[in-house]
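Below is one structure, written out as structure tokens, with a few remarks after it.
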Amino acid sequence: MSAVVGAFVALVSVAVLGYVVGLIGVLRAQDELVLSRLAFFVATPALLFTTVARADLHSIFSVVLVTNVASLFVVQVIFLLAAALIWRRTRSEATIGVLASSYVNAGNLGVPVAAYVLGVGAVVAPILLFQLLVMAPIAFAVLDGDRQGTGRRVSLRTVVARPFRNPLTVASLLGLLCAALGVHLPTLVMRPIDLIAAAAVPVALVAYGLSLSAGTKDSITLQRDVVLAVLLKTMVQPLAAYAVGRWVLDLHGAALLAPTLLAALPTAQNVYVYAVHYRSSRTLARSVVLLSTLLSIPIMIAIAGLLG
């Protein structure tokens, strides 16, 4: 399971670099916002476009997608009920919490884990596309509608129209269009996009590490929202994926390992970028990303050992 550990070591190392450069003053605390905006508006859209444009669309509707959609629906409902009905969180706070408890790191961590542990890197593509084209647009619509405390009702028109003004959604849809039509852009065009896309993960991780070096007391918290989101992400989601795969779809062996292992992926650092951009629940997102990353290491190794 050295591949799993190695993938995590790479992620943590870049985040630690961001922490160190902030600690010694190379970058300032306020630079976190600049890096997050760079990731949100420039680098991440480029990464999404190149990833989706090269995806095999025939793999979108698979048992891996069905299993993971069912498992994330379970954890999202649980968090939403607790946040909205019991704790009375705002729509923005509940939305970030829902993403933190279910939005898996399918890109920079899921791809290497699928490639080196499962032997098929493309198996993570359905989850990645679902998050980009369904989960993220709906979340952005809610966050845009609730931005700056407007308290406006989220209408169907908002859900349909707002995502098309978001750079991440637009990049994903353009990539999907290229993949569906079989359009292969010239190397002269794709090369600069690939260069920018390569910066998405490290920039987001450096911004995350920089946020931890600010020295604020609320950098990491164990408040009830965070605890619930971490438990849902690291424990409930993979258990739900296993239950659906084993007893509903009757999967066995490698077919059962794939959805269970991918459901155990930690929260994507993109959730923190979204929280910074929309200025909502940054501490929650930061805490869940860190804690779920640390806890998912032994959990994923155990899953691979038991089911592999």
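Numbering (my numbering), first residue to last: 385 to 692. For every residue, glycine included, the Cβ atom is placed at its ideal position computed from N, Cα and C.
Asked                                                                                                                                                  : Found
Go through its chain and collect everything with a Cβ distance to Met519's Cβ below 7 angstroms, but skip five positions before and after it.          : Tyr487
For Val488, does the three-state DSSP call read helix, strand or coil?                                                                                 : strand
Kindly indicate the opening and closing residues of the alpha helix (DSSP H) around His442.                                                            : Careful: His442 lies outside any alpha helix (DSSP H) and carries neither H nor E.
Bridge partners of Thr651, per DSSP?                                                                                                                   : Val488
In the DSSP assignment, the alpha helix (DSSP H) including Ile408 goes from what residue to what residue?                                              : Careful: Ile408 lies outside any alpha helix (DSSP H) and carries neither H nor E.
Work out the CA separation of Val614 and Ser485 for me, nearest whole Å.                                                                               : 6 angstroms
Measuring straight from C-alpha to C-alpha, what distance separates Ile683 and Ala648?                                                                 : 7 angstroms
When the Cα atoms are used, what is the spatial distance from Leu502 to Arg549?                                                                        : 36 angstroms
Measure the beta-carbon distance from Thr451 to Ala625 and round it to whole angstroms, keeping in mind my assumption that it falls under 8 angstroms. : 5 angstroms
Rank Ile604, Ile687, Val393, Leu668 by C-alpha distance to the C-alpha of Leu640 and give the top, closest one.                                        : Ile687
From the DSSP output, in three-state form, read off Gln532 for me.                                                                                     : Because Gln532 carries a pLDDT of 49, less than 50, the predicted location of this residue cannot be relied on, and no value is offered for it.
How is Asn452 classed by DSSP in three states: helix, strand or coil?                                                                                  : helix
Could you check the C-alpha separation between Ala478 and Gln460 for me, to the nearest Å?                                                             : 10 angstroms
My guess is that Asp581 and Thr677 are in contact by the Cβ rule of under 8 angstroms, so how many angstroms apart are they, rounded?                  : In the sequence as displayed, the identity of residue 581 is Ala instead of Asp. Between Thr677 and Ala581 the Cβ distance is about 22 angstroms, and since that is not below 8 angstroms, they are no contact.
Determine the DSSP secondary structure at Val567, reduced to helix, strand or coil.                                                                    : coil
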